[in-house]
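Input: a single structure, listed below in C-alpha cells.
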Amino acid sequence: GSLASARSPPAKMGSMGLDDLLSAFAGVNMDDHEQLVGTFARVLGADADQSRFFLEASAWNLESAVGNFLDTVGTRANLATPSAEPASAFRGEESVQQVNAHVFAPGQPIQLVWTFVNVGPAPWPLDAALVHTEGDALGGNPEVSVGGCQPSVEAPVQLNLRAPASAGSYASAWRLRYSGGYFGDAIWLVVNVDGSLPPAAPPAAMQQPSHEQQMQQMQMMMMQQMQMSQQQQQMQTGFGQPQPQVGMAQPVDDEDMDL
2 GSLASARSPP
12 AKMGSMGLDD
22 LLSAFAGVNM
32 DDHEQLVGTF
42 ARVLGADADQ
52 SRFFLEASAW
62 NLESAVGNFL
72 DTVGTRANLA
82 TPSAEPASAF
92 RGEESVQQVN
102 AHVFAPGQPI
112 QLVWTFVNVG
122 PAPWPLDAAL
132 VHTEGDALGG
142 NPEVSVGGCQ
152 PSVEAPVQLN
162 LRAPASAGSY
172 ASAWRLRYSG
182 GYFGDAIWLV
192 VNVDGSLPPA
202 APPAAMQQPS
212 HEQQMQQMQM
222 MMMQQMQMSQ
232 QQQQMQTGFG
242 QPQPQVGMAQ
252 PVDDEDMDL
C-alpha cells in the first residue's frame, strides 16, 4: 500500500518527518519479508532481531513498525541528516567484469548483487538510492534504495536484469544519488547479445500459451458451456412436473391387510 501517512511524527524524531524516513524504503518489495527486515535494520540502526520483532508486531505494516520503533527505542544517531557529502566505495568490480566479458542469449536473465560501502564519516541520506542514469536499463528497477547506510557498513543491492531481445552490445550506467546530487563513481555495465544463440524463455507473466494449450483451453470452455446448457435444460423440463415422492407410504387396500 501507500507509504503516505497522516500520523504526526514522534517528537523524538526532531525535524525529520515520518514520510522522510519512509522514503528510504522506496523500491523495497513489501512482500519480501527478509528484504524488509534488512532494510529496516539498515535504515533505523537496529539489529535483525529487533527489526523482525517490530515488523511482526505490526503485522508487517511498515509505517506502524517504524512509528512503534521510534516511540519505543527513540531516535538513533543514523537518523540525523548528514552534514558531510556522502561517500561510497563499490565492491562489485569483479561481477561487472564477468558480465562485460560474457556473451548472453537474447532475453537471458542477468542477476547481480552489487555491494556498496559507506566510506564517509556520516550515514547516507535516507533518500540515497542506486539509480539508472544512462544507456539501456536492461529491464531492471531504475531506482533501488540504499538510504540510511551507516559509516563502514555495506549496502548490498540486488539487480534483476535481462539481456535485450536483439543482437548487439548494450551499455548501462548506474550511480548512487541523493537529493543533493550524485556521489560515488558511475558503474558501466556492457551486455553483449549473440543473436545466433537460442533466445531465453520470456518471464512467466509474459509467456504466451502454445497452440495446443489454446486448443485445450477452448475445449475445456466448450465442455463447461455444454454442461451448463444441459443443466439448464433439465431444470426447465422438470419445472412444474410432479416429482416422485421418495419414502412416502403408499395407500393399502383393506383386502390386502392381514387382520
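The sequence shown lines up with residues 2 to 260 when you count with the numbering used here.
A virtual CB, placed ideally from N, CA and C, is assigned to each residue, including glycine.
On a predicted model such as this, the values are computed, not experimentally measured, just so you know.
What are the residues that DSSP puts in a beta bridge with W61?
Note: W61 sits in no beta bridge, so no partner.
With the cut-off set at 9 Å, would you say A174 and V194 are in Cβ contact?
No; because the gap between Cβ atoms is not below 9 Å, this pair is not in contact.
Going by DSSP in three states, N30 sits in which element: helix, strand or coil?
N30: coil per DSSP, three-state reduction.
Measuring only the C-alpha atoms, how far is L113 from V104?
The alpha-carbon atoms of L113 and V104 are separated by roughly 16 Å.
Please report the straight-line C-alpha distance between L56 and A156, rounded to a whole angstrom.
L56 and A156: Cα-Cα distance of roughly 20 Å.
Helix, strand or coil for L56, going by three-state DSSP, please let me know.
DSSP, read as helix, strand or coil, puts L56 in helix.
So, for P11: in the same chain, excluding its five sequence neighbours on each side, which residues have a beta-carbon less than 6 Å away from its beta-carbon?
Interpretation of P11 is limited by its pLDDT of 34, a score under 50 that renders its predicted location unreliable; the figure taken from the coordinates is listed afterwards. Closer than 6 Å at the Cβ level, and outside the excluded window around P11, lie L71, D72.
Ends of the beta strand (DSSP E) at S146?
Where S146 is concerned, the enclosing beta strand (DSSP E) stretches over 144 to 146.
Span of the alpha helix (DSSP H) around E94
Residues 94 to 102.
How about R163 and G140: are their beta carbons less than 9 Å apart?
Yes, these two residues count as a Cβ contact at 9 Å.
Using 10 angstroms around the beta-carbon of M207, count the other beta-carbons present and answer buried if the total reaches 16, otherwise exposed.
Note on M207: pLDDT 46, under 50, position unreliable in the model; the coordinate value appears next. Around the beta carbon of M207, fewer than 16 other beta carbons sit within 10 angstroms, so the residue counts as exposed.
Please go through the same chain and pick out, in chain order, the residues whose beta-carbon is closer than 7 Å to the beta-carbon of Y30, but skip the five residues on each side of it.
This sequence places Asn at residue 30; Tyr is not what is there. Answer for N30: Q36, listed in chain order.
Along the chain, where does the beta strand (DSSP E) that runs through D128 open and close?
That residue, D128, is in no beta strand (DSSP E); it is neither H nor E in DSSP.
Close Cβ partners of A58 (< 6 Å) along its chain, the five nearest in sequence each way excluded:
Result list for A58: empty, nothing under 6 Å.
Among W61, I111, G181, L45, whose alpha-carbon lies nearest the alpha-carbon of H34?
Of the candidates W61, I111, G181, L45, W61 places its Cα closest to the Cα of H34.
Given this structure, state the Cα-to-Cα distance separating M224 from G108, to the nearest angstrom.
Computed Cα separation, rounded: 38 Å.
Proximity test, Cβ basis, 9 Å: V132 and chain B:
The chain labelled as chain B is not found in the depicted structure, where only one protein chain is given.
Apart from the five residues on each side of it in sequence, which residues of its chain come closer than 6 Å, Cβ to Cβ, to T134?
Only A174, R176 meet the Cβ criterion.
Less than 9 Å separating the beta-carbons of E94 and G121?
G121 sits away from E94, with the two beta carbons spaced by 9 Å or more.
Assigned secondary structure, L190 (DSSP; H/G/I helix, E/B strand, else coil):
Strand at L190.
What residue range does the alpha helix (DSSP H) around L22 cover?
For L22, the enclosing alpha helix (DSSP H) starts and ends at 19 to 23.
Cβ distance (whole Å) where I188 is taken to contact V97 below 8 Å
Here I188 really is in contact with V97; their C-beta atoms are around 6 Å apart, less than 8 Å.
A123 versus A88, W115, Q99, residue with shortest Cα-Cα distance
Residue A88 is the option with its Cα nearest to A123.
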